[in-house]
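First the structure, in the form of structure tokens, and then the observations on it.
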Amino acid sequence: MMPVRRTQNWLPSIFNDFFDNEWMTRANATAPAINVIESEKEYKVEVAAPGMTKEDFNVRIDEDNNLVISMEKKSESKEEQKEHRYLRREFSYSKFQQTMILPDDVDKEKIAAGVEHGVLTIDLPKLSLEEIKKAERTIEIK
131 MMPVRRTQNW LPSIFNDFFD NEWMTRANAT APAINVIESE KEYKVEVAAP
181 GMTKEDFNVR IDEDNNLVIS MEKKSESKEE QKEHRYLRRE FSYSKFQQTM
231 ILPDDVDKEK IAAGVEHGVL TIDLPKLSLE EIKKAERTIE IK
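Letter by letter, the sequence shown follows residues 131 to 272 in this note's numbering.
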């Protein structure tokens, strides 16, 4: 099946040309790419974040047992040339937050994270079948 582009007939084509083109950036263009990999023993989440360090990240489990990944980077560059009386400042600020629902079989006590070569990696170990069965219990009816 071929994808079909549908146009909105009520919106004049000049607006379509202005708002729906390659040179206008989209709101989520700066969101980092996220990979989720599943193996027999774990899930692995990879977040592409070039230029970020471990101090720029915050990984936590919220009150609803969701995995929350936050990233915040502030930088200020200041350049002075006294002989020309020239001053230049550049500010940069980026912030990102992603909330992911954790599967029931994740061992929340053994979650680990690390940053290497601009990639945040979060290891989410799976519970074994014995641990899952141990967590389940039958409630006696009185």
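From the three backbone atoms N, C-alpha and C, an ideal C-beta is built for every residue, glycine too. Given the structure is predicted, the values throughout are model-derived calculations rather than measurements.
Quiz item: If isoleucine 167 sits next to lysine 174, beta carbons under 8 Å apart, how far is it from one beta carbon to the other, in whole angstroms?
Solution: 4 Å
Quiz item: Does the beta-carbon of isoleucine 199 have 16 or more other beta-carbons within 10 angstroms, so that it is buried, or is it exposed?
Solution: buried
Exercise. Give the secondary structure of isoleucine 262 by DSSP, where H, G and I count as helix, E and B as strand, and everything else as coil.
Key: Taken through DSSP and simplified to helix, strand or coil, isoleucine 262 comes out as helix.
Practice problem: Rounded to whole angstroms, what's the CA-CA distance from threonine 155 to leucine 259? Just pull it up for me. | Solution: Note on threonine 155: pLDDT 47, under 50, position unreliable in the model; the coordinate value appears next. Using only the alpha carbons, I get a separation of about 47 Å.
Self-check item: Which residues DSSP lists as bridging serine 224, in chain order
Solution: Lys203
Self-check item: leucine 197 vs leucine 232 beta-carbon contact at 9 Å
Solution: yes
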